[in-house]
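Just so it is clear: in the sequence shown, position 75 is 261 by this note's numbering, and no numbers are missing.
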Amino acid sequence: GDPDLEIVTLLPPDAIPAIDNPRFVTAEEADRQLALSDLVIGVSIDGEHRAYGAAFLSAHEIVNDTLGGRAIAVTW
């Protein structure tokens, strides 16, 4: 095959740890910690709301959480 099209593995499996028990801050605390330009992924299920910081997700890539009584995986 064409060497320019080969897939190269940079990290072994599970090299980037997922977050299984995320901790959250209040909206007021997040206001103090985040800049207006910071990106978040917002999720709302059955009246429950969470925001996951993109910078944090860049380091972990996946957060396993429960929201609105449902198991969810937030990925980046």
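Note that the Cβ used here is the ideal one computed from N, Cα and C, for glycine as well. Quick caveat, the model's predicted, so the values are computed rather than measured.
{"Query": "So what's L253 in DSSP terms, helix, strand or just coil?", "Result": "strand"}
{"Query": "If you draw a straight line from the C-alpha of T195 to the C-alpha of E247, how long is it?", "Result": "17 Å"}
{"Query": "Please classify V249 as buried or exposed, where buried requires at least 16 neighbouring CB atoms within 10 angstroms.", "Result": "buried"}
{"Query": "Using only the alpha-carbon positions, how far apart do E214 and I202 sit?", "Result": "30 Å"}
{"Query": "On the three-state DSSP scale, how would you describe E214?", "Result": "helix"}
{"Query": "Note down the Cα distance separating R236 from T252, rounded to an integer number of angstroms.", "Result": "10 Å"}
{"Query": "State the Cα-Cα distance for the pair T212 and I193, rounded to the nearest angstrom.", "Result": "42 Å"}
{"Query": "Specify the secondary structure class of A240 as computed by DSSP and reduced to three states.", "Result": "helix"}
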